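Each protein sequence line maps, in turn, to chains A, B and C.
Every number in our numbering is 4 more than the matching position in the first sequence, counting from 1.
Every number in our numbering is 217 more than the matching position in the second sequence, counting from 1.
Every number in our numbering is 112 more than the matching position in the third sequence, counting from 1.
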Amino acid sequence: MIPFILRRLFSVSVTFVIVSILIFTMMHSIPGGPFDAGDMPLPPEVRARLNERYGLDQSLVTQYINYMGGVLRFDFGIPFQSPGETVLELLGRAWVPSLVLGGLGVLIGTPLGILLGIAAALRRNTWIDYLASAVATLGLTIPVFVTSMIMILVFAVWLNWVPASGWGAPDKWILPIAAYATIPMATYARYTRSAMLDTLNKPFVTVLRAKGLSETRIIYQHVLRNSAIPMVTVFLPMFIGTATGSIFVEAIFRVPGLGAYFVSSIRTRDYPLEMALMLMLTVMFCLAYLISDILYAWLNPRIRAGGRKG
Amino acid sequence: MTAALELRGLCKSYPLRDPNGWLPRYRELRVVRDVDLTVESNSIVGLVGESGSGKTTTGMMALRLTEPTAGRILVGGQDITRMEAAALKPFRAKMQVVFQDSYSALDPMFTLAQIVAEPLHVHGRGSAREQTETALDWLERVGLHRSYGSRYPHELSGGQRQRVAIARALVLRPDVLIADEPTSALDVSVKAQIINLLQDLQAEMGLSILFISHDLSVVRSLTDKVAVMFNGRIVEEAATEDIFIRPQHPYTRSLLDAIPVLNPRDRRDRVFRSREDLEADIPRLSAVATGLPPAPTPRLIPHGPGHRYEALVQ
Amino acid sequence: MSAFPAPPLVDIRDLSVSFPQHDGVVQAVRGVTLHVDTGESIGIVGESGSGKSVSCMAVLRLLRSPPARIEATALSLGGVDMISADNRQIADTRGRVAAMIFQDPMTAFDPVFTIGQQIVETIRVHRAVSKAEARSEAQTLLTRVEIRNPASILDSFPHQLSGGMLQRAMIAMALSCRPQILFADEPTTALDVTVQAQILQLIKQLQAEFGMGLIMVTHDLGVVAETVDRVVVMYGGKVMEQAPVQDIFDSPAHPYTRALLASMPGQGGGRQRLIEIPGASPNPANPPTGCPFHPRCTLADAQCAAAMPAMSQTGPSRQAACWKLA
Chain A
5 MIPFILRRLF SVSVTFVIVS ILIFTMMHSI PGGPFDAGDM PLPPEVRARL
55 NERYGLDQSL VTQYINYMGG VLRFDFGIPF QSPGETVLEL LGRAWVPSLV
105 LGGLGVLIGT PLGILLGIAA ALRRNTWIDY LASAVATLGL TIPVFVTSMI
155 MILVFAVWLN WVPASGWGAP DKWILPIAAY ATIPMATYAR YTRSAMLDTL
205 NKPFVTVLRA KGLSETRIIY QHVLRNSAIP MVTVFLPMFI GTATGSIFVE
255 AIFRVPGLGA YFVSSIRTRD YPLEMALMLM LTVMFCLAYL ISDILYAWLN
305 PRIRAGGRKG
Chain B
218 MTAALELRGL CKSYPLRDPN GWLPRYRELR VVRDVDLTVE SNSIVGLVGE
268 SGSGKTTTGM MALRLTEPTA GRILVGGQDI TRMEAAALKP FRAKMQVVFQ
318 DSYSALDPMF TLAQIVAEPL HVHGRGSARE QTETALDWLE RVGLHRSYGS
368 RYPHELSGGQ RQRVAIARAL VLRPDVLIAD EPTSALDVSV KAQIINLLQD
418 LQAEMGLSIL FISHDLSVVR SLTDKVAVMF NGRIVEEAAT EDIFIRPQHP
468 YTRSLLDAIP VLNPRDRRDR VFRSREDLEA DIPRLSAVAT GLPPAPTPRL
518 IPHGPGHRYE ALVQ
Chain C
113 MSAFPAPPLV DIRDLSVSFP QHDGVVQAVR GVTLHVDTGE SIGIVGESGS
163 GKSVSCMAVL RLLRSPPARI EATALSLGGV DMISADNRQI ADTRGRVAAM
213 IFQDPMTAFD PVFTIGQQIV ETIRVHRAVS KAEARSEAQT LLTRVEIRNP
263 ASILDSFPHQ LSGGMLQRAM IAMALSCRPQ ILFADEPTTA LDVTVQAQIL
313 QLIKQLQAEF GMGLIMVTHD LGVVAETVDR VVVMYGGKVM EQAPVQDIFD
363 SPAHPYTRAL LASMPGQGGG RQRLIEIPGA SPNPANPPTG CPFHPRCTLA
413 DAQCAAAMPA MSQTGPSRQA ACWKLA
């Protein structure tokens, strides 16, 4: 297992370097720069001084090496759009609402989805199954900004139970989290249902019945456990969505999270912030897949316990 | 007279990756080792063995569907081992195959006439009209009515599908047919029909068949010669009745001993031997057979006309 | 009280099993009657679609119902009426009164638990023993099925073992609660020839040692010739003939049994044409009228096509259902 993890960590670092080079070149190959003419054109000498100060006058290779040197010391630079703080400070500040929104959304949506999926699988072709399938299909096909609008209309405007937007107090969290939770819920309802049905149709389930096990025990001891193996592989990558998937939800509910910076950093050519966001995503993706692979191997005796004995 | 199919020293090994360890390390998994086998023209040869013995891989190599690691394949005396696709094409027409699972071997989107006509189309034999006509003739020849031409594979029973697979294999009038467990998935009452069909077509067409099977009873009723495979090697080869009456290799004996009795009157307690025991037997045998001290490599030694079995010889 | 003979271990009377489909009803079993006495071994022989497996699954109530529709005038296992029994009684009967082993041992075990955990689980579902006791019993059982290194096999996961080893472990698990009857559904079909012979011999030995009943479901007359006392021949969801095993092979009464025996390959020496049964097995969604075998039977006439003959006594302990019995 340890050689496996180390090999994977090595490939993660290679991926990291390749992705960083790609993003860096692509980012700089877009015409224009951060101090180019906008509403208020800067005098050329000022622009030259600014470019020099931020090292933008050097060759791309030098810029990249300098940047990566900083990254190794956890120095991601100063965001152009908010020069009063470092990129790390900005990320730390803006990530909290995103993490709360996305994290709670996943943590609430996942168990609900799993329960819905189990109920659908166990009561196949009854109204529970149809309801669960409908929820799953709608949750996956209706874009989250439409769900959000409907929720605002129903719970904030008509019923007036909760505020329509904002982030300050916990009562303002309810709607955005609920809206965000529909994604993991729908995904998991579908996944769980098909994983459970798949397992229930396996011959060993008949053997368990023939041994005299109760249906409850078969489901909880055996079927769930076998179905969980394919399900862990989707769980962690879903957390990545907490950084990106919530862009729409954050915008609609005016949550001061990271989502807005993904858009603004690209629009304003805020190279340091753009780079930091992209690298963060890369690392999260790689780690999420690494962890799910380890979990998968650990849960699955075929990989964990190795090959043939006798 | 040249043999229809000759395999000379055929080997197949796969690199097997060691999952533990820092750097990838490979060892060799030898699936087929040094197989010599001749399928004489106008005869049926049985290739018998248990799962993992390498019998299917041998068949696939003979068809050039799996590339051998070493050795030569001769079809009608011509070496096809290294032939490029274009040169190989006429030989592909001379060698056809029927598999065990007739359901997945037939394209579900094609009608039976299309399925049987396809090889003719691929090899450019005749006009489209003639191809369909020949296909329908073949359906009839394997015992299906011409009207079946417009049906689809899922409308047929397992036995009927296997008939279609045989028609498709024989429509090009090949010299060699490789049949890999063609009756294993069939019902008892249908199995005999397919075996008889193969016998009849073989006799009518002067076909040579390599019949790969684990079912010794079927092999006994169908073949002229049998080769027994064990651990990737041919351990014994002889005329069919010779092998059933005078088996020499311990593995052949244990295989024959395991055949279920045909009448409850013949029930007996059997003594079973493990694979390790069987393998350990080979050197001892050679000492008896040759009077020489055991040597490290097993070889096939002759035992009467056309009969060979594996033993260690100096 | 003891004036009445002991009820049979397995008592099936007039069992019908059907599966409604969107375009009709598949009649898998159509009026099967059979019984097994204590310690008796019977073989149910038939081809795919004959209803042999479905009958056994129905007695153990292993068919999902719905969709399966099960009807019978009697369906009992060790005195337990499996039709009126509730879920708890059914679960209690399975494994304890009647155990079952299946065709493909490679898929019969839960892949995420060790063999030991799965045998221990079976023991502890039916008996109040500690885990340690159950484990030592499991180890003894593995020795009984001639496994040489039982401790290491107990700690193995299914994917680490060969098919033959798994089928032995399966048999050990089935015997763990000392069932009165063992259902074996094609237990050797997925195994290699040499392993098949070993498993059959093992089942035969253990059946005698444990004094239990055995129902061997198979398509292979050779398996029947090797293992059982009495044979039930099924075709098209119906019983065609039943008789002591030697009688079936020496003097088959039903034309289907005769044809089946004649078509067995490997009889007599030398390459030869086999005696074949023309046609194909009946379609269970649309079975022929009358006797299901009549479209393929050389003796059939109008009467055979019109009505199914009743079971009639053809000897002291044998019956067959045919209009043409000599």
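Glycine included, C-beta positions come from ideal geometry on N, C-alpha and C.
This structure is a prediction, so every number in the text was calculated from the model and none was measured.
- Contact check between the segment 278-295 of chain A and the segment 24-32 of chain A: three or more CB pairs, one atom from each, fall below 8 Å, which counts as touching.
- Close partners of Ala337 of chain C in chain B (Cβ separation under 9 Å): Pro477, Val478, Leu479, Asn480, Pro481, Arg482, Asp483, Arg484.
- Within chain C, Pro377, Leu386 have C-beta atoms less than 7 Å from the C-beta of Ile412 of chain B, given in sequence order.
- Chain C places a beta carbon closer than 8 Å to that of Leu439 of chain B, counting this residue as a contact.
- With a threshold of 8 Å between beta carbons, Arg383 of chain C makes contact with chain B.
- Residue pairing by DSSP places Arg525 of chain B opposite B:Glu454, B:Pro519 in a beta bridge.
- With 16 or more other Cβ atoms inside 10 Å of its own Cβ, Leu204 of chain A counts as buried.
- Rounded to the nearest angstrom, the gap between the Cα atoms of Ala244 of chain C and Gln230 of chain C is 14 Å.
- Here Met446 of chain B is buried. Its C-beta has 16 or more other C-beta atoms within 10 Å.
- In this structure, Met328 of chain C sits away from Ser160 of chain C, with a CB-CB distance that is not shorter than 8 Å.
- DSSP, reduced to helix, strand and coil, places Gly73 of chain A within a helical segment of the structure shown.
- Around the C-beta of Gln425 of chain C, fewer than 16 other C-beta atoms lie within 10 Å, and the residue is accordingly described as exposed.
- When C-beta atoms of the segment 124-135 of chain C are compared with those of the segment 289-302 of chain C, fewer than three pairs fall below 8 Å, so the two segments do not count as touching.
- Residue ranges of uninterrupted alpha helix (DSSP H) with 4 or more members, entirely inside the segment 124-182 of chain A and ordered along the chain, are 131-145, 148-155.
- For Cys228 of chain B, the beta-bridge partners assigned by DSSP are B:Ala287.
- Less than 8 Å divides the Cβ of Pro38 of chain A from the Cβ of Tyr275 of chain A.
- For Ser128 of chain C, no alpha helix (DSSP H) segment is defined; the enclosing uninterrupted segment is the beta strand (DSSP E) at 122-133.
- At the C-beta level, Thr351 of chain B and Val388 of chain B come within 8 Å of one another.
- Judged by beta-carbon spacing, Ala418 of chain C lies within the 8 Å limit of Gly402 of chain C, meaning their Cβ atoms are closer than that value.
- Counting only runs of at least 4 residues, the segment 267-321 of chain C fully encloses the following alpha helix (DSSP H) elements, listed from N- to C-terminal order: 275-287.
- Boundaries of the beta strand (DSSP E) around Thr330 of chain C: 325-330.
- Excluding residues up to 5 positions away in sequence, Arg250 lie with their Cβ nearer than 6 Å to the Cβ of Arg450 of chain B in the same chain.
- Annotation note: the segment 265-339 of chain B contains the following uninterrupted alpha helix (DSSP H) runs of length 4 or greater, listed N- to C-terminal: 272-279, 302-311, 319-322, 329-339.
- Annotation: Phe308 of chain B has no Cβ neighbours in chain C at a cutoff of 7 Å; minimum Cβ distance is about 28 Å.
- Three or more pairs of CB atoms, one per stretch, sit closer than 8 Å, so the segment 169-187 of chain A contacts the segment 252-270 of chain A.
- Contacts with chain B (Cβ-Cβ distance below 7 Å) from the segment 285-306 of chain C involve Asp304, Val305, Thr306, listed in chain order.
- By the neighbour-count definition (other C-beta atoms within 10 Å, threshold 16), Glu398 of chain B is a buried residue.
- Residue contact with chain B for Ala392 of chain C: present (Cβ-Cβ distance below 8 Å to some residue of chain B).
- Among the bridge pairs identified by DSSP, Asp397 of chain B is matched with B:Ile429.
- The distance from the Cβ of Ala284 of chain C to that of Arg256 of chain C is about 7 Å, consistent with a contact at the 8 Å cut-off.
- Annotation: Cβ neighbours of Val405 of chain B in chain C (cutoff 7 Å, chain order): Glu159, His331, Leu372, Ser375.
- The beta carbon of Ile387 of chain C sits closer than 6 Å to those of Ala374, Ser375, all from its chain and outside the five residues before and after it, given in chain order.
- Restricting attention to B:Ile412, B:Tyr468, B:Pro481, B:Ile476, the CA atom closest to the CA of Glu493 of chain B is found in B:Tyr468.
- The shortest C-alpha to C-alpha distance from Gln331 of chain B to any of B:Arg289, B:Ala382, B:Leu291 is the one to B:Ala382.
- For Met218 of chain C, the secondary structure class from DSSP, reduced to helix, strand or coil, is helix.
- Take Gly263 of chain B, set aside five residues on each side of it, and the residues of its chain with a beta-carbon closer than 6 Å to its own are Phe428, Val436, Thr440, Val443, in chain order.
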